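Just below is one structure, and these are the notes that go with it.
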Amino acid sequence: MEGKGTALIDIYSIYFNFIRYFTTKKFQNLALNLSSFCYD
């Protein structure tokens, strides 16, 4: 049971890390687009 719980936590941490990486990438691109648009 204990091993199953830690495996679930691992899955969640990987999932959240993926989402965080994806969203930060998206926000970085958005910020770059906005800055280039403003300075054009």
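Numbering (UniProt numbering), first residue to last: 1 to 40.
Each residue gets a CB set at the ideal place from its N, CA and C atoms; glycine is no exception.
Fair warning: this is a prediction, and the values are worked out from it, not measured in the lab.
For residue i, collect the residues of the same chain with a Cβ closer than 6 Å to its Cβ; drop the 5 residues on either side in sequence, then sort them by chain order.
{"i": "phenylalanine 22", "result": "none"}
Between the C-alpha atoms of residue i and residue j, what's the straight-line distance to the nearest angstrom?
{"i": "leucine 34", "j": "lysine 4", "result": "45 Å"}
{"i": "alanine 31", "j": "threonine 6", "result": "37 Å"}
{"i": "threonine 24", "j": "isoleucine 9", "result": "22 Å"}
{"i": "phenylalanine 37", "j": "asparagine 29", "result": "12 Å"}
{"i": "isoleucine 19", "j": "serine 13", "result": "10 Å"}
{"i": "lysine 26", "j": "tyrosine 15", "result": "16 Å"}
{"i": "isoleucine 11", "j": "asparagine 17", "result": "10 Å"}
Within the 7 Å Cβ cut-off, does residue i reach chain C?
{"i": "phenylalanine 18", "result": "The question asks about chain C, but that chain is absent: this structure has only one protein chain."}
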